[in-house]
Each structure stands twice: as C-alpha cells, then as structure tokens.
Amino acid sequence: MQTKKIIVVGAGPAGVMAAIRAAELGQEVTLIDKNPILGKKLLLSGKGRCNLTNACGLNSFLERFSGGGQFLRDAFKKFFNLDLVDFFQSRGLELKTERQLRIFPVTDSSASIAGILEKELAKQNVKLMYKSKVNDVRVKDKEAKGVSLDDGEFIPADRIILATGGASYGFTGSTGEALSLARKLGHDIIPLRPGLVPLVTKEKYPRILEGLTLKNIRISFCSAKNSVTSEIGELLFTGFGISGPLVLALSGKIVDWLGEKREVVAEIDLKPGLTREQLDSRFLREFKMNAKKGIKNVMKSLLPLRLIDLFLELAGIDPHKKANQITSGERLALAGLLKGWRLNISGSLPLEEGMVTKGGVSLHDINPRTMESRLIKGLYFCGEMIDIDADTGGFNLQAAFSTGYLAGESTALS
Ligand SMILES: Cc1cc2nc3c(=O)[nH]c(=O)nc-3n(C[C@H](O)[C@H](O)[C@H](O)COP(=O)(O)OP(=O)(O)OC[C@H]3O[C@@H](n4cnc5c(N)ncnc54)[C@H](O)[C@@H]3O)c2cc1C
C-alpha cells in the first residue's frame, strides 16, 4: 500500500483515534490541535473519571442516540465497546464496569486514558502539531489538498480528517469554527443546540432549593404535542431550574420542543412507587397517628425538609395547623403535589453549557461506511462535529472513538 500524507485536525478522542489507526496502517500522519495538549474535554469527562464507554449491547447502545443512531452501525461494526476496552486493557490500563454498565478506568482518572493515547501516538510516530489552529481547508476540483494554519502556513495532504468537536465548553478548544469550514465547502450544517443541558424554570423557587437532590423520583415533560417520561432516578435543583441525570438525559428533546415555540411543563412524581390513592391513605394514617402534632412536623416523614414550607404554601395550607385540622381537600392537594408537582420550563442553559452539541455536519453529506464527505473527495469527518449526540453513560465518547477509528482506517485503505 502506498504511504499517504494524512492530516487530522483536532486532538480529542475522535481525532486521536483516527490518527492512531491511520498511522498503525502505515500512513504518514500529522495531528494538529490549537491546544498545547491533547483531549482537554476528555480530561473533564465523567467528572474527571472518564466514562469512556458502556457495556450494553449494540441495539440498546444505538437507542441512546438522538434519532436512533443507525448512522453509527458501520462505525460500531468496525470498532465497538469491547474493542475500545481491549484497546486500553492491552496497553496496561484496567477498566471497571459501574452501575448502568458504565465503563471507567480503575484509576478513576481521565488522565490515565489520555496518557495511554499519548503513548500510542508516540509509538505510531504520529507528528504532533499543538498550538496550531487550522483556519482553512484547501480544495481543488472537489478534492481535499491540505490545510492552512492561522499563521499562514500551508500543509499539503492526501487525506484530511476533521475532528474538531462540537461547540460547547469552548475553553477546551471545541468552539465550532471548523463547522464553518465544512459549510464553506458546501456541507449542510444542522443547527447547533445544547444537549445534556440543565433546564430553566419560569418559577423562581428552585433558587431557594439550590443544591437539593431528590432521589427515587420520576419526571415527565409534556407539551401540547408530546410527552416523555423518565426512568426513576435523581433530580437536582439549581439556582435557575432543574438538572441531574434524569433531566440531562431528556433535555435534548425539551430544547427542540422549546425551539418550536411550544409550552413545556415538567411534572415531578416524588412517590413513583405509590398511586395517588395509596399516597392519600398514607397521609390519612400519618395524620391520624399524629393528630395533635403540627402539620410541618408530620410532613417530615413524607417530604425532604427543604420542601415542606414550599409544598404547604403551594397547597394553600396554613403551616400552623395541627394534623387533625387538615381538610380532605387540603390533603388531596398535598397528595396531588407529591404525585405531580408542575414546573413550567422556560428554556435551557446556552449551548456553551451543554455537555454535548446537537447538530453539526449533516449525516446526508457523510458516507457512514467510510466517514468520507460525499461532496469533497479525501475529506473525512468524525466525532462530535457530525450530527450525532447521545445520552450520558459513555455513549458520546464511544461514538467519537468509533467514528475516529473508521475515518482513520478509511483514509489508509481508500
Ligand atoms: C463536562 C463534560 C463531561 C463529559 N463526560 C463524558 C463522559 O463521561 N462520557 C462520554 O461518553 N462523554 C462525555 N462527554 C462528551 C465527550 O467529552 C465528547 O463527546 C467528546 O470529547 C467529543 O470528542 P471529539 O474528539 O469529537 O471532540 P473534542 O473532544 O471536543 O475535541 C475537539 C478538538 O479539536 C480541536 N480544534 C477545534 N477546532 C480546531 C481548529 N480550527 N484547529 C485545530 N484544532 C481545533 C479542539 O482544540 C479540541 O481539542 C462530556 C462532555 C463534557 C463537556
């Protein structure tokens, strides 16, 4: 096979894996990044522990992507979760599987993932050009010819892989400007929106609940057209609204509904294990047993402390009442709140705060079997800059590694 000059732009997980794979197959590879180190976002991932993939099977894996993830079938066929696990374990880094099949390094440190990638780049003789920003891709007769850096230097290439990430957490280098390059070359860019992002409520009281985590709850979001309900899990109050795993997982959908100017209401079920009737019976029992006690005191066994005053106010109950003074209407109002506490969603935090970017280079413009552009020969895309995004759980990093691997291999074999 003839050696080709390959340029990979972006030293995140997608670009690094692309560079490693192309070099492994004998190509002369240069990896360019504007940062002084590789994987700045990777280092932040999993709260610094790097949830690098998930051990679930292919179909469950694909379901965790917006739009069903069918585009990724070929990339996953080539390099999937067990291949990624083997990649790190065979290079001396042990991994472990935690709840919901999330896979982490046993070191609990994303730096150990970055360390293995660094060593492998060196072993495969990939030329590293850090602190170098690519600001143009040169194309002649619909074929990629090289890249220009912002200091004016032109670097010729036979194949170019763009792996410049999304447009959030800009301080990590993922600022989205390379998407403009793709657009300039004729690619359709699906509008960028935040994914895995906290939501903002119209109500101001989440502010007084900031930091409160509700465990074992369920949340549903409803608009005029659709509704979606979470699994049972945790919700976190922030200074401006709601966050936590359940909210983040569904936030992408909600951002799109809000984008269509729909009213969205969140309904929190604090007692998903009980029906409304069972909850009412429980209230009756508690109120009877503690008839002479103040209602605030009695509610301590039923609600987190920080919610009691608020719920009594929302149910229109005088907090100085004794349990035996609570009317059946008041009791039902309380049970209604615990089973379906409604908050109006007014928006989300901005794209910059999304853990993942929704949108990017349109899947119609990329060949899923090679990751090559359908418009420009010799130009490839991989990672978060393409229009794929998934839930939390290691799915986004696996997609970056897998599409990177496929792009790298395709440049070598094309
Ligand atoms: C806080 C946080 C936690 C996360 N945790 C997880 C997790 O635990 N598990 C998971 O699966 N996913 C997680 N993600 C998502 C995951 O980190 C990303 O999906 C992944 O990093 C995308 O990889 P990438 O290689 O496509 O892009 P990036 O990692 O964004 O890398 C892109 C690189 O391109 C470089 N670049 C951009 N433009 C240029 C240019 N013009 N010239 C030169 N270089 C350029 C940037 O400097 C950057 O280094 C998390 C994200 C965040 C923000």
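In the numbering used here, each number is its position in the sequence shown, counted from 1, plus 463.
Using N, Cα and C, we set each Cβ at its ideal position, and we do this for glycine too.
In this text, all values refer to a predicted model and were calculated from it rather than measured experimentally.
Residue burial classification, residue i (beta-carbon count within 10 angstroms, cutoff 16)
| i | result |
| --- | --- |
| P654 | exposed |
| D621 | buried |
| G531 | exposed |
| N517 | buried |
| Y668 | exposed |
| N807 | exposed |
| G658 | buried |
| T866 | buried |
| R554 | exposed |
| P568 | buried |
| K821 | buried |
| D781 | exposed |
| P476 | buried |
| I470 | buried |
| D743 | buried |
| M752 | exposed |
| D614 | exposed |
Check: residue i C-beta below 7 Å from any heavy atom of ligand 1
| i | result |
| --- | --- |
| V710 | no |
| D496 | yes |
| N544 | no |
| N760 | no |
| G628 | yes |
| N588 | no |
| Y843 | no |
| P568 | no |
| L505 | yes |
| G609 | no |
| P476 | yes |
| K596 | yes |
| S508 | yes |
| T701 | no |
| A641 | yes |
| C519 | no |
Residue of the options minimising C-alpha distance to residue i
| i | options | result |
| --- | --- | --- |
| I829 | K510, R484 and D537 | D537 |
| L800 | V824, L773, L747 and G639 | L773 |
| E723 | E487, G810 and Y868 | G810 |
| T738 | I771, L795 and A687 | L795 |
| D850 | Y868, T833 and L826 | L826 |
| K504 | A486, E815, P831 and R527 | E815 |
| R670 | F700, K688 and E694 | F700 |
| Y843 | S873, V710 and D852 | S873 |
| I682 | K734, I652, K647 and A481 | K734 |
| N498 | Q533, R656, L766 and V472 | V472 |
| A577 | D613, G478 and N588 | G478 |
| E606 | T855, A870, E847 and R837 | R837 |
| S628 | R562, A474 and G520 | For the record, residue 628 in the displayed sequence is Gly; it is not Ser. It is A474 whose Cα lies nearest to the Cα of G628. |
| V548 | L876, G857 and S877 | G857 |
Residues sharing a beta bridge with residue i, DSSP
| i | result |
| --- | --- |
| I843 | In the sequence under discussion, the amino acid at residue 843 is Tyr, which differs from the Ile named in the question. Looking at the DSSP assignment, Y843 forms a beta bridge with I624 and E835. |
| E730 | S683 and R805 |
| V606 | According to the sequence provided, residue 606 is Glu. The question's Val does not apply to it. According to DSSP, E606 bridges with K603 and K840. |
| T560 | I566 |
| G696 | I680 |
| K821 | R656 |
| G810 | V663 |
| A853 | F528 |
| K785 | G757 |
| N517 | R565 |
| S690 | C685 |
| V597 | L612 |
Delimiting residues of the alpha helix (DSSP H) encompassing residue i
| i | result |
| --- | --- |
| N522 | L521 to E526 |
| E487 | P476 to E487 |
| L494 | That residue, L494, is in no alpha helix (DSSP H); its beta strand (DSSP E) goes E491 to I495. |
| K759 | I758 to V761 |
| F617 | That residue, F617, is in no alpha helix (DSSP H); its beta strand (DSSP E) goes F617 to P619. |
| F534 | Looking at the DSSP string, F534 is not in any alpha helix (DSSP H), and its letter there is neither H nor E. |
| E581 | S573 to K586 |
| F634 | Where F634 is concerned, there is no enclosing alpha helix (DSSP H), given that its DSSP letter is neither H nor E. |
| D828 | From DSSP, D828 is part of no alpha helix (DSSP H); its letter is neither H nor E. |
| K504 | K503 to L507 |
| L742 | R739 to M752 |
| L776 | Before going further, note that residue 776 is Glu rather than Leu in the sequence given. Unbroken alpha helix (DSSP H) run through E776: L768 to L777. |
| G871 | F858 to L876 |
Where the beta strand (DSSP E) containing residue i begins and where it ends
| i | result |
| --- | --- |
| V548 | V548 -> not in any beta strand (DSSP E); alpha helix (DSSP H) instead, spanning N544 to Q552. |
| I705 | G704 to S706 |
| T701 | Premise fails: T701 is in no beta strand (DSSP E) and is neither H nor E. |
| I653 | I652 to G658 |
| M592 | K590 to M592 |
| K467 | Neither: K467 is in no beta strand (DSSP E) and is coded neither H nor E. |
Residue i: CB within 7 Å of a non-hydrogen atom of ligand 2
| i | result |
| --- | --- |
| L860 | This structure lacks ligand 2; its bound ligands are ligand 1. |
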